[in-house]
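The structure appears right after this line, and notes come after that.
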Amino acid sequence: MYNITLIQGDGIGPEVTNSAKAVIEATGLEVCWDIVNAGIHIYEKEGVVVPDSVFDSIEKNKVVLKGPITTPIGKGFRSVNVMLRKKYNLFSNVRPVKTIPGTKSPFKNIDLVIFRENTEGLYIGIEKQTSENSAESIKLVTRDASIRIVKSAFEYAKNNNKEKVTVVHKANILKISDGLFLDCAREVSEEYPNIELEEMIVDNMCMQLVLNPNQFEVIVTTNLYGDILSDLCAGLVGGLGLVPGANIGDNMAIFEAVHGSAPDIAGKNLANPTALILSSAMMLNHLGEREKANKIINSVFETIQKGKYITKDLGGSSTTIEMTNAIIEKI
Ligand code: ATP
């Protein structure tokens, strides 16, 4: 029996977390769910964005499946999502981007994983207005955080027989901060003589991804570039509804889709549940439940490939619930 915290979140969060929960249960995994809530809808009801019960549950269970959370403007922190990653030192944001046969995209067979540094960079949120007409923000790069994210990427490459890790930076301009990140990548790569370290400047990386995404296997980069490249890569495989993610620390992990709360389609039973369902497969792998994780992945792929029960963003006309039920039936 696993104890897992489930945060439903805002917008399409309740719809996609319900789908993922039902899919996990269909595999027969025994879970004691601790369903807690945070976000703008809780703020409107209770006057607090993240109630203490959420922190307590995360700290007790250490494994979390999470829907997207919208942060009300001016409420102490700029993003609940960023705050949780930082508070629990979830330094590695892992986002696998894979072509699912049957999806509409000019590209085929994309299979790459983004390792995004998750605790510093421009996301530390230190900004100030220095005069009426100027503002500054600080980009923090530390050796420790850079080394550990690059190591995560190389360890993944080693364990999955990948030949190359691409480090993405802008050290030609940000010579000190991105320079340090790049130096750390070079240093770590020496411990992995069988894996090539490819260095790529972020602007060239964007062009290369759009021209030929198949040349990449594992990408490691800083917080902001990782955020932007994730959405770019989601576009390459058919959209945000398809890309899962994990925030991993030393003894805690939060699994969540790359997409946000999608307020334009919230509550309409239109959201594609794939991204969060695949995030839950990543969670099962993290728990060592590989067979059940593979069952989920195969059922999602089969459902999309058949194309009968797929949501509107994939060119179909099914609802979130219909697509979820089709996946469950395959399981
Ligand atoms: P946030 O600021 O919370 O990240 P956002 O507005 O930047 O949110 P999303 O909420 O991710 O971005 O939405 C971007 C677009 O992608 C929207 O048009 C949304 O409808 C679409 N989208 C996101 N997730 C899904 C999904 N699961 N299924 C279908 N469409 C989605």
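In our numbering, the protein residues as written are 1049 to 1379.
For glycine and all other residues, C-beta sits at the position ideal for the given N, C-alpha and C.
Source: prediction; values computed, not measured.
Per-residue DSSP class, three states only, for residue i
i	result
glutamate 1262	Sequence check: residue 1262 is asparagine here, not glutamate. Note: asparagine 1262 maps to helix in three-state DSSP.
lysine 1156	coil
aspartate 1058	coil
valine 1189	coil
methionine 1371	helix
leucine 1245	strand
leucine 1318	coil
arginine 1164	strand
phenylalanine 1103	helix
isoleucine 1267	strand
glycine 1169	strand
isoleucine 1379	coil
threonine 1147	coil
lysine 1110	coil
isoleucine 1302	strand
aspartate 1361	helix
serine 1140	strand
glutamate 1184	strand
histidine 1217	strand
alanine 1310	coil
isoleucine 1296	strand
serine 1327	helix
threonine 1065	helix
threonine 1178	strand
serine 1366	strand
tyrosine 1240	coil
Closer than 8 Å: residue i CB and nearest ligand 1 heavy atom
i	result
proline 1321	yes
glycine 1355	no
valine 1064	yes
leucine 1277	no
isoleucine 1307	Note on residue identity: the sequence assigns histidine, not isoleucine, to residue 1307. Checking every heavy atom of ligand 1 against the Cβ of histidine 1307, one is found closer than 8 Å.
aspartate 1192	no
alanine 1219	no
proline 1311	yes
aspartate 1100	no
leucine 1288	yes
aspartate 1104	no
threonine 1359	yes
leucine 1318	yes
isoleucine 1369	no
glycine 1059	yes
Sequence-distant residues of the same chain with beta carbon closer than 6 Å to residue i, five excluded per side
i	result
glutamine 1177	Ala1183
phenylalanine 1303	Leu1113, Ala1294, Ser1327, Met1330, Met1331
lysine 1134	Thr1167
valine 1189	Ser1225, Leu1228, Phe1229
alanine 1314	Gly1059, Ile1060
methionine 1300	Lys1110, Tyr1136
serine 1179	none
asparagine 1320	Gly1289, Thr1359, Asp1361
glycine 1057	Gly1087, Gly1115, Pro1116, Ile1117
threonine 1367	Asn1317
cysteine 1281	Val1145
Cβ-Cβ separation, residue j to residue i (assumed contact under 8 Å), whole Å
i	j	result
asparagine 1109	isoleucine 1052	6 Å
isoleucine 1162	serine 1278	6 Å
threonine 1386	serine 1309	Because the chain spans 1049 through 1379 in this model, residue 1386 falls outside it and cannot be assessed.
arginine 1143	valine 1291	6 Å
isoleucine 1148	threonine 1214	With a Cβ gap of about 23 Å, isoleucine 1148 and threonine 1214 do not count as contacting.
glycine 1283	lysine 1152	Not a contact, Cβ separation roughly 11 Å.
glycine 1297	leucine 1138	4 Å
glycine 1287	asparagine 1141	Incorrect: roughly 19 Å between the Cβ atoms, too far for contact.
phenylalanine 1202	tyrosine 1240	5 Å
asparagine 1271	glycine 1336	Between glycine 1336 and asparagine 1271 the Cβ distance is about 29 Å, and since that is not below 8 Å, they are no contact.
isoleucine 1158	valine 1285	6 Å
alanine 1341	leucine 1324	Not confirmed; about 14 Å, so no contact.
Cβ-heavy atom distance, residue i to ligand 2, below 8 Å
i	result
threonine 1118	In the structure shown, ligand 2 is absent; the only ligands present are ligand 1.
Residues near residue i in its chain [Cβ-Cβ closer than 7 Å; skip 5 each side]
i	result
alanine 1074	Ile1376, Ile1379
asparagine 1208	none
isoleucine 1369	Asn1317
leucine 1245	Val1213, Val1215, Ala1233, Arg1234, Ser1237
serine 1347	Ile1375, Lys1378, Ile1379
glycine 1173	Arg1126
phenylalanine 1103	none
Close Cβ partners of residue i (< 8 Å) along its chain, the five nearest in sequence each way excluded
i	result
lysine 1210	Tyr1204, Ile1243, Glu1265, Val1266
threonine 1351	Tyr1357, Ile1358, Met1371, Ala1374, Ile1375, Lys1378
valine 1080	Position check: residue 1080 holds cysteine in this sequence, whereas valine was assumed. Here the set comprises Met1049, Tyr1050, Asn1051, Ile1052.
asparagine 1220	Ile1249
Note to self: For the pair the region 1250 to 1260 and the region 1077 to 1096, tell me if three or more CB-CB distances fall below 8 Å.
What the structure shows: no
Check: When the Cβ atoms of the region 1330 to 1337 are set against those of the region 1078 to 1089, are three or more pairs found closer than 8 Å?
Finding: no
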